[in-house]
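All remarks here apply to the structure that follows.
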DNA sequence: CGTCTTGTCGGGAATGATTGTCAATATCGG
DNA sequence: CCGATATTGACAATCATTCCCGACAAGACG
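Residue numbers (my numbering), protein chains in the order written: chain A, 7 to 166; chain B, 7 to 166.
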């Protein structure tokens, strides 16, 4: 289990112990063991995961965490902008956000998310901003569609 | 109000009786009175409205419609792509979609939505498409942020 | 004209994710 | 070691949404 936090864990992985603590502090949360576990469990996931899903995962690994804690932690991280929030099938899902400007390409088939760096597309974003003084949140741009993999596996243009 | 469907109503308004029927048919729904009322009530709204909210509104106007019907109709319209779905405060909200490509600028403060026509921004969208073969849904691009009005009314950069 | 068929409707119960409550517990400064 | 403070978790409560099912309307058909 995670009973001993060995130095072997110190590679610069998303789940690195230091990294996790830093992120938690950035969200204004003290890095308690439970919160760490929640964030660590989230960091391993590539797709947005629901709070309950995460809770089950943690429990299965033998970590004793309450549902409330999972919800609270995720909610706080989301408020701090450290994780991005997606809604799918009437369930709120969370995904650890990479730092820096990027858009999210959300596949409505599989629910997967690709991050698409902004940068050279700044012009477009600026154009949007100009429209009525709207100020976009750089991390909160969602393009929905169907990802390449789903397109390949399930035909070109299904009636849906 | 809409009590008498006089010929005067035949301007190309969103709530036109013909228009409503057409849209319903487009969604594969026969234009029954209740469904018409739901769609008409939706058409008047500029901001995304929740199903229950719409139900209350209809009831208050003296129209006897069941909750189920409202949910069912909205859901069907959404599936057909005739209305766009937004989620805010853990409530699914619907908004009648203008035809043609456009993005949605969603204000996270007031929940308002502006439609921003695509067109000349096609290049950007194409760039996105190139990324891993992702095929975006032209109506399902959501840019979140804060709208000009909210910015003006509530200060420049509140801590949120 | 009466009946059958099919689709629609509404009310209320059931579902399921999320949040609130509150006592128990851990943490930290001194 | 002690008290103040923050955190935690079990469980109840909430609330949007869906399910269920009997009732009903309109057209088809004999």
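Ideal placement from N, C-alpha and C gives every residue a C-beta, glycine not left out.
{"Query": "Can you have a look at residue 52/A and say buried or exposed, based on whether 16 or more other CB atoms are within 10 angstroms of its CB?", "Result": "exposed"}
{"Query": "Should residue 31/B and residue 75/B be called a contact, given that it needs their Cβ atoms to be closer than 7 Å?", "Result": "no"}
{"Query": "To which residues of the same chain is residue 152/A closer than 8 Å at the C-beta, ignoring the five residues directly before and after it?", "Result": "113, 114 and 115"}
{"Query": "Quick check on the DSSP output: what are the complete beta strand (DSSP E) runs of length 3 or more inside the segment 82-128 of chain A, in order along the chain?", "Result": "89-94, 97-102, 108-113 and 119-123"}
{"Query": "Pull up the distance between the alpha-carbon of residue 106/A and that of residue 144/A, whole angstroms please.", "Result": "8 Å"}
{"Query": "Would you mind stating whether residue 142/B and residue 92/B have Cβ atoms separated by less than 7 Å?", "Result": "no"}
{"Query": "Determine the chain A residues that contact residue 93/B at a beta-carbon separation under 8 Å, and present them in chain order.", "Result": "93"}
{"Query": "Along the chain, where does the alpha helix (DSSP H) containing residue 58/A start, and where does it finish?", "Result": "57-66"}
{"Query": "How about residue 148/B: is its C-beta nearer than 7 Å to some C-beta of chain A?", "Result": "yes"}
{"Query": "Does the CB of residue 156/A have a neighbour CB from chain B at under 7 Å?", "Result": "no"}
{"Query": "Measure from the C-beta of residue 151/A to each C-beta in chain B and report whether the shortest distance is under 7 Å.", "Result": "yes"}
{"Query": "Go through its chain and collect everything with a Cβ distance to residue 104/A's Cβ below 7 Å, but skip five positions before and after it.", "Result": "121"}
{"Query": "Could you pull the start and end residues of the alpha helix (DSSP H) that residue 50/A belongs to?", "Result": "39-50"}
{"Query": "Listed in chain order, which residues of the segment 134-146 of chain B have Cβ atoms closer than 7 Å to some Cβ of chain A?", "Result": "134, 137, 138, 139, 140, 141, 142, 143 and 146"}
{"Query": "So with Cβ pairs under 7 Å, would you call residue 80/B a contact of chain A?", "Result": "no"}
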